[in-house]
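Since the structure comes first, as structure tokens, the remarks are kept for the end.
In the working numbering, the protein residues as written are 472 to 548.
This is how it looks when you write it as structure tokens:
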């Protein structure tokens, strides 16, 4: 498994500091589920796939981005 970096916005950082100050286990789990889980999943998504790469599948860009035509030459995706 590779390392990832997660950045927190101002509100998320305040929320995390409040959890630590209060030693609130329930709120910590909520923070993990609502903030960290989403950010980790986003960080694990492939960002760029070279056209020549063996593992590249047709329509892979559409699957990852949800945009029709993404990943096709000349489509801007």
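For glycine and all other residues, C-beta sits at the position ideal for the given N, C-alpha and C.
Supposed contact pair residue j and residue i - C-beta distance, whole angstroms, cut 8 Å
i: residue 475; j: residue 511; result: 7 Å
i: residue 487; j: residue 500; result: Going by Cβ atoms, the distance from residue 487 to residue 500 rounds to 13 Å, so no, they are not a contact pair.
Residue i versus residue j: straight-line alpha-carbon distance, rounded
i: residue 514; j: residue 497; result: 25 Å
i: residue 509; j: residue 530; result: 24 Å
i: residue 507; j: residue 477; result: 8 Å
Own chain residues within Cβ distance below 8 Å of residue i, not counting five before or after
i: residue 495; result: 489
Spatial neighbours of residue i in its chain, beta-carbon cut-off 7 Å, leaving aside the 5 residues before and after
i: residue 491; result: none
i: residue 481; result: none
i: residue 502; result: 486, 487 and 490
Extent of the continuous alpha helix (DSSP H) run through residue i
i: residue 496; result: 496-502
i: residue 511; result: 508-515
6 Å Cβ shell around residue i - same chain, five flanking residues per side excluded
i: residue 505; result: none
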